[in-house]
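Visitor: Here it is: the structure, laid out below.
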Amino acid sequence: MYGGGYIFDEPNKRPMQDTIDDPVKLAEFEQRIADGHKIEPGDWMPNDYRKQLIRMIEQHAHSEIIGALPEGTWITRAPGFKRKLALIAKVQDEIGHGQLLYNAAQTLGKSREAMINDLLSGKSKYSNVFNYPAETWADVTVIGFLIDAAAIVNQVANAKGSYGPYCRALERICYEESFHLKQGHDAFIELATGTPMQRQMVQDALNRWWQPIMHFFGPPDKTSVHSEKLMKWKVKMASNDDMRNQFLDAYVPKIWELGLTLPDENLKKDEATGKWLFSDPDWDLFMKVINGGGPCNAERLQVRKWAEESGRWIRKALMNPNAARSFPVA
Amino acid sequence: MLNESLDPRVNRLKLGHEGEVVTIVEGENWNAYEVFHQEKRGAHHEHVGSVQAPSAELALVFAKEQFARRKRCVNLWVVRSADILAFDVEDEDMFATNLEKTYRDASGFKVMEKINKFKGKK
Amino acid sequence: MLSQQAIISLLTKMGDDALIIGHRNSEWTGLGPIMEEDIAFSSMAQDKIGHAWALYRVMQEHLGGQDPDQFAFMRAEKEMRSCHFVELPIGEYDFSLMRHFLFDHAEAVRYESLENTAFEPLQPFAKKFKGEIKYHLLHADEWVLQLSRGSEESYARMQQALLHCMPLALGIFETSKAHEQTLIDEKIYPGEQALQARWLDRIYPVLSKAGLNLPGIESFTPVYGGREGYHTAYLQPLLDEMSSVFKLDPTATW
Numbered sequence: 000m001y002g003g004g005y006i007f008d009e010p011n012k013r014p015m016q017d018t019i020d021d022p023v024k025l026a027e028f029e030q031r032i033a034d035g036h037k038i039e040p041g042d043w044m045p046n047d048y049r050k051q052l053i054r055m056i057e058q059h060a061h062s063e064i065i066g067a068l069p070e071g072t073w074i075t076r077a078p079g080f081k082r083k084l085a086l087i088a089k090v091q092d093e094i095g096h097g098q099l100l101y102n103a104a105q106t107l108g109k110s111r112e113a114m115i116n117d118l119l120s121g122k123s124k125y126s127n128v129f130n131y132p133a134e135t136w137a138d139v140t141v142i143g144f145l146i147d148a149a150a151i152v153n154q155v156a157n158a159k160g161s162y163g164p165y166c167r168a169l170e171r172i173c174y175e176e177s178f179h180l181k182q183g184h185d186a187f188i189e190l191a192t193g194t195p196m197q198r199q200m201v202q203d204a205l206n207r208w209w210q211p212i213m214h215f216f217g218p219p220d221k222t223s224v225h226s227e228k229l230m231k232w233k234v235k236m237a238s239n240d241d242m243r244n245q246f247l248d249a250y251v252p253k254i255w256e257l258g259l260t261l262p263d264e265n266l267k268k269d270e271a272t273g274k275w276l277f278s279d280p281d282w283d284l285f286m287k288v289i290n291g292g293g294p295c296n297a298e299r300l301q302v303r304k305w306a307e308e309s310g311r312w313i314r315k316a317l318m319n320p321n322a323a324r325s326f327p328v329a
Numbered sequence: 000m001l002n003e004s005l006d007p008r009v010n011r012l013k014l015g016h017e018g019e020v021v022t023i024v025e026g027e028n029w030n031a032y033e034v035f036h037q038e039k040r041g042a043h044h045e046h047v048g049s050v051q052a053p054s055a056e057l058a059l060v061f062a063k064e065q066f067a068r069r070k071r072c073v074n075l076w077v078v079r080s081a082d083i084l085a086f087d088v089e090d091e092d093m094f095a096t097n098l099e100k101t102y103r104d105a106s107g108f109k110v111m112e113k114i115n116k117f118k119g120k121k
Numbered sequence: 000m001l002s003q004q005a006i007i008s009l010l011t012k013m014g015d016d017a018l019i020i021g022h023r024n025s026e027w028t029g030l031g032p033i034m035e036e037d038i039a040f041s042s043m044a045q046d047k048i049g050h051a052w053a054l055y056r057v058m059q060e061h062l063g064g065q066d067p068d069q070f071a072f073m074r075a076e077k078e079m080r081s082c083h084f085v086e087l088p089i090g091e092y093d094f095s096l097m098r099h100f101l102f103d104h105a106e107a108v109r110y111e112s113l114e115n116t117a118f119e120p121l122q123p124f125a126k127k128f129k130g131e132i133k134y135h136l137l138h139a140d141e142w143v144l145q146l147s148r149g150s151e152e153s154y155a156r157m158q159q160a161l162l163h164c165m166p167l168a169l170g171i172f173e174t175s176k177a178h179e180q181t182l183i184d185e186k187i188y189p190g191e192q193a194l195q196a197r198w199l200d201r202i203y204p205v206l207s208k209a210g211l212n213l214p215g216i217e218s219f220t221p222v223y224g225g226r227e228g229y230h231t232a233y234l235q236p237l238l239d240e241m242s243s244v245f246k247l248d249p250t251a252t253w
């Protein structure tokens, strides 16, 4: 699912320092990107390009496997065969996306094991939105509809980026996301057009999720650092504000047309500029949740650790210490 | 200590304590195998990605669900990623003159032009 | 005219087994030992739930049965016909894998026997599920083999899981007191005893190739009761959980 529009800084705030790259090779590299060509794993690339891509793809991968948890909350309770199968298939896809993304990141030289360890230790982040609980079935429909929609905005943009393996993974991911969005929208509409109790459920869920959704694309561009070079290198393809606006433009009307409300009285479109206006989300809260203070941060990591720990005997039993390591090639 | 989770599955697990250090070792996710997908009989197998597996047999088992759980598929290949031999991407220039070698290409032979010219002369 | 009650009893226990084991195995989705296996195991859980859905639909269309959602999500525990084996929690992966191996081989021989059943509406499903079950067996056999040959620990775990699972797995073949003979006489299926014998013929070679020790079958006491409506303590909570949203308003569409 969930690229999350926002590349988090690592907790140690490793700066995007300009390591000394060969200026001739750098110029060739930048020309190649400017010409619309893709970069492939064996190509020369600036250190920062490699580092930022690893950081971004890795965070995206973590977001997929952690994102499987809030929705997984309702796997055993999904109402009826159709919803039950669709939800299992969807959560399965998230794991599949994680698999594709970790493998894409591995082509840049960081092993899957190292990435998983950085997730478990908290060194590497994942999308903030998954640190919130899915309290009722309606929350799953809101996640499936709106968080997936937000992720698609981000991922469709990133699929036009410069790194070949990431683009290929995203192409497949976007295809599957369209199923997620559709099944989420369908389940959402079912509640929104259902009994008064169902409508109340979905309204409550919208109220709970609106702020995390507004956080999803990251802080406003004016406070965001280090975007320019990433944009030039086609690592980051769209600005936080642009993506947020694109999302609001496409989906707020779809919510309002059902007679549902959003908990922000300032939310409206400025028809003159085409820009949506809204109350500033609480960015202090956003930072607090990133740094471990959200309602589910601890549980998410503990569950991931449980999964790694309980599967260890299997992975170890079939490890071949004599075999040379083999990494994905493309 | 966690509060009760909203996920009944999670409440059935014996989770470790918060802050527990869990580290996996290099090689624990096994080795990479490239996966090739054949959409229908008669078609080429096309590269679609990779899986991590401890053996070719399990790689194939995994590939089936990771790369062929949707859409049409009639067969898959897996091959150890380490066994793929490829050119360096820098050597792309070896192929650069391909398009100029029109003597290898049907488009390099202007038969109709000659016929028309001959007919025009008559 | 075939005996409808007998056929309903057969399809109900098959559907209930598939629903409950599919529900259990889906609990691993997102929590598996490695991503690739997580995906594979989840697919098979989905297949099982799909089998249950299909069987309930056959009953609805041909035997005057209820709507499948109502039948699956609203039935009382004593009306369920699942065996105890499928009701147990997922435990550790060794248990879940061994259950998958033993259950799926049983399912394979059962569906094979139904390809020519006298109850014709079932025949196309027996054929349709064949390919899916073939993959489930490929997956199960490969894991049993590899883990039995993996480490000392993994061998010991698989051996222990086998011994733990066998009495429960034999419970799959509990006969229906009321309907068994009718089903055999009317050539609906060959009966549980015959299926159990075929099942043993299938699992022995894999277990012996894996070097796992399966004591004589007479040394196990099969765990029966599920087919008559007597269940483990795990089933009622599972049903409560599975239907908790549906029951908020069973007349609503979800």
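Protein chains in written order, with numbering that gives the first Met the number 0: chain A, 0 to 329; chain B, 0 to 121; chain C, 0 to 253. For glycine and all other residues, C-beta sits at the position ideal for the given N, C-alpha and C. Nothing here was measured: the structure is a model prediction, and the numbers come from that model.
1) May I ask you to verify whether the region 92 to 112 of chain A touches the region 56 to 68 of chain A, counting CB pairs closer than 8 Å and requiring at least 3?
2) Helix, strand or coil, according to DSSP, for residue 41(C) in the structure here?
3) Excluding the five sequence neighbours on either side, which residues of its own chain have a C-beta within less than 6 Å of the C-beta of residue 3(C), listed in chain order?
4) Beta carbon of residue 140(C): closer than 6 Å to some heavy atom of the ligand ADP?
5) Would you please verify whether the beta carbon of residue 138(C) is less than 7 Å from any beta carbon of chain B?
6) In the DSSP assignment, the alpha helix (DSSP H) including residue 32(B) goes from what residue to what residue?
7) State the start and end residues of the unbroken alpha helix (DSSP H) segment that holds residue 115(B).
8) By DSSP, does residue 76(B) sit in helix, in strand, or in coil?
9) For the putative contact between residue 214(C) and residue 73(C), defined by C-beta atoms under 8 Å, what is the C-beta separation to the nearest angstrom?
10) Using a beta-carbon distance cut-off of less than 7 Å, what residues from the region 113 to 136 of chain C approach chain A?
11) What is the residue span of the alpha helix (DSSP H) that residue 66(A) lies within?
12) Run through chain A and tell me which residues come within less than 8 Å of residue 200(C), C-beta to C-beta.
13) Only counting runs of 4 or more residues, tell me where the alpha helix (DSSP H) segments fall wholly within the region 101 to 129 of chain A, in order along the chain.
14) Using the DSSP secondary-structure output, state which residues sit across from residue 126(C) in a beta bridge.
15) Counting C-beta neighbours from all protein chains within 10 Å, is the total for residue 98(B) 16 or more, i.e. buried, or is it exposed?
16) State the Cα-Cα distance for the pair residue 148(C) and residue 72(A), rounded to the nearest angstrom.
17) Could you check where the alpha helix (DSSP H) with residue 240(A) kicks off and where it finishes?
18) Taking all protein chains shown into account, do 16 or more other C-beta atoms lie within 10 angstroms of the C-beta of residue 353(A), making it buried, or fewer, making it exposed?
19) If the criterion is Cβ atoms closer than 7 Å, does the pair residue 73(B) and residue 51(B) meet it?
20) How is residue 196(A) classed by DSSP in three states: helix, strand or coil?
21) In this structure, how does DSSP classify residue 27(C) when only helix, strand and coil are distinguished?
22) Could you check how far apart the C-beta atoms of residue 210(A) and residue 281(A) are, in whole angstroms? I think they sit under 8 Å.
23) Would a check of beta-carbon distances place residue 20(C) closer than 7 Å to chain A?
24) Can you list, in chain order, the residues of its chain whose CB lies under 8 Å from that of residue 40(A), leaving out five sequence neighbours each side?
25) Taking C-beta pairs closer than 7 Å, name the residues in chain A that residue 80(B) reaches, listed in chain order.
26) Within its chain, find whatever has a CB closer than 8 Å to the CB of residue 136(C); leave out the 5 residues flanking it on each side and keep chain order.
27) On the three-state DSSP scale, how would you describe residue 60(B)?
28) By the DSSP assignment, the alpha helix (DSSP H) with residue 332(A) in it spans what residues?
29) If you compare alpha carbons, which of 119(A), 240(A) and 207(A) is closest to residue 221(A)?
30) Looking at the structure shown, is residue 38(A) part of a helix, part of a strand, or coil, going by DSSP?
31) Hey, out of 160(C), 174(C) and 26(C), whose CA is closest to residue 101(C)'s CA?
32) Identify which residue in 25(C), 18(C), 41(C) and 10(C) has its Cα closest to the Cα of residue 134(C).
33) When the cut-off is 7 Å and only beta carbons count, does residue 101(B) lie next to chain A?
34) Under 7 Å between the Cβ atoms of residue 100(A) and residue 56(A)?
Guide: Taking the definition as stated:
1) yes
2) helix
3) 62
4) With respect to the ligand ADP, the structure offers nothing, as it holds no ligand at all.
5) yes
6) Looking at the DSSP string, residue 32(B) is not in any alpha helix (DSSP H); the run it does join, the beta strand (DSSP E), is 30 to 37.
7) 110 to 120
8) strand
9) Between residue 73(C) and residue 214(C) the Cβ distance is about 42 Å, and since that is not below 8 Å, they are no contact.
10) none
11) 46 to 71
12) What residue 200(C) touches in chain A: nothing, since even the nearest Cβ is about 28 Å away.
13) 111 to 120
14) None; residue 126(C) has no bridge partner.
15) exposed
16) 35 Å
17) 239 to 255
18) Because chain A spans 0 through 329 in this model, residue 353(A) falls outside it and cannot be assessed.
19) no
20) helix
21) coil
22) 7 Å
23) no
24) 106, 107, 163, 164, 328 and 329
25) 325, 326, 327 and 328
26) 103, 104 and 107
27) helix
28) Nothing can be reported for residue 332(A), as the shown portion of chain A is limited to 0 through 329.
29) 240(A)
30) strand
31) 160(C)
32) 41(C)
33) no
34) yes
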